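Residue numbers (my numbering): 259 to 591.
C-beta: ideal position from N, C-alpha, C; glycine also.
Note that the coordinates shown come from a computational prediction; the quantities given were computed from them, not determined experimentally.
A short write-up of the structure that comes next.
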């Protein structure tokens, strides 16, 4: 099924990996990528599959463009999003535009043309958990977003649910935990630390490093997305996670160790406002209903593979690095 696939945000981190995986595993698929190619979308991330993919540069909130592309598609997978918490605190405007208006624009197009739609979201819509709380997020956990980023993603999820119920749109939603892996922008936590160590710069750790994230390799995330597209129930929300809970201090110390450095060779910096304490995913619905299991069950091995990718692909991340660190320096982080 779904031989004509529109991937929004397909030049971004998770989207580009999804495109690579789709081209590799579904050779009969015709893939079109819609991406605004802002700082977080990089055409070079699609270079290895450029002969197999059509790239359209454009805004997901451009109704005429979106309508044309959706009309010629069997499936839309919506990755496009503004997704960096620090940036949302500085200027929420692009987050409302892309995450809310962009999703609305897509939903109206898939409604008109009766196209299957899958919506990529985040566990951050649920807020955070206490560090000593044994609970995990489930599909019925109440939304409690704490930043402009997570609140706009929560808004987009609610739009999808309403369009399913009110208009019969054939949609599913997935809320995933923190991703890591190849092609992730160096502003993000793990690639920032890896590239700092490559440059001989001590990693920076917010607060005391006690904040816990539930890490999943991007390839496992995208395999789960395909499981939902192929076998998930319309209107349902599936949480994607790999039981990868780890506090930020341990992540940095593991990176340093794997890169041959002293585990304490990092600096503590001021915490960011509203920094969520802990995320944790209960992915039992996905596993039980759809039979999905992660390939990278050991976070350390996935991290080692990711370090290897950044070491081998400096030409990809080097152009982004100086501007990213200048921005963090201005924030004192």
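Return helix, strand or coil for residue i, following the three-state DSSP convention.
i	result
residue 394	coil
residue 341	coil
residue 283	helix
residue 272	helix
residue 579	helix
residue 519	coil
residue 463	strand
residue 307	helix
residue 322	helix
residue 444	coil
residue 290	strand
Return the CA-CA distance between residue i and residue j, expressed in angstroms with no decimal places.
i	j	result
residue 438	residue 423	33 Å
residue 534	residue 385	7 Å
residue 517	residue 327	44 Å
residue 410	residue 354	6 Å
residue 576	residue 470	28 Å
residue 555	residue 509	16 Å
residue 417	residue 399	17 Å
residue 279	residue 480	8 Å
residue 281	residue 307	7 Å
residue 455	residue 573	16 Å
residue 287	residue 401	35 Å
residue 415	residue 441	25 Å
residue 419	residue 580	41 Å
residue 450	residue 434	21 Å
residue 515	residue 325	49 Å
residue 309	residue 290	12 Å
residue 349	residue 405	11 Å
Take residue i as the anchor and find which of the options has the nearest alpha-carbon.
i	options	result
residue 476	262, 270, 263, 538	270
residue 526	457, 511, 540	511
residue 338	487, 363, 349, 329	363
residue 274	304, 501, 284	304
residue 443	307, 578, 268	578
residue 272	330, 483, 262, 315	483
residue 465	591, 265, 266, 288	591
residue 473	316, 448, 428, 378	448
residue 389	559, 435, 467	467
residue 553	314, 544, 478	478
residue 334	310, 361, 519, 351	361
residue 368	380, 391, 322, 406	322
residue 366	378, 394, 329	329
residue 373	262, 349, 292, 381	262
Count the other C-beta atoms from every protein chain shown that fall within 10 angstroms of the C-beta of residue i, then say buried if there are 16 or more, exposed otherwise.
i	result
residue 589	exposed
residue 432	buried
residue 340	buried
residue 506	buried
residue 569	exposed
residue 425	exposed
residue 283	exposed
residue 513	buried
residue 445	buried
residue 558	exposed
residue 315	exposed
residue 565	buried
residue 392	exposed
Kindly identify the DSSP beta-bridge partner or partners of residue i.
i	result
residue 438	475
residue 498	434
residue 503	472
residue 300	BP columns for residue 300 are empty, so no partner.
residue 333	263, 374
residue 541	DSSP lists no partner for residue 541.
residue 313	291
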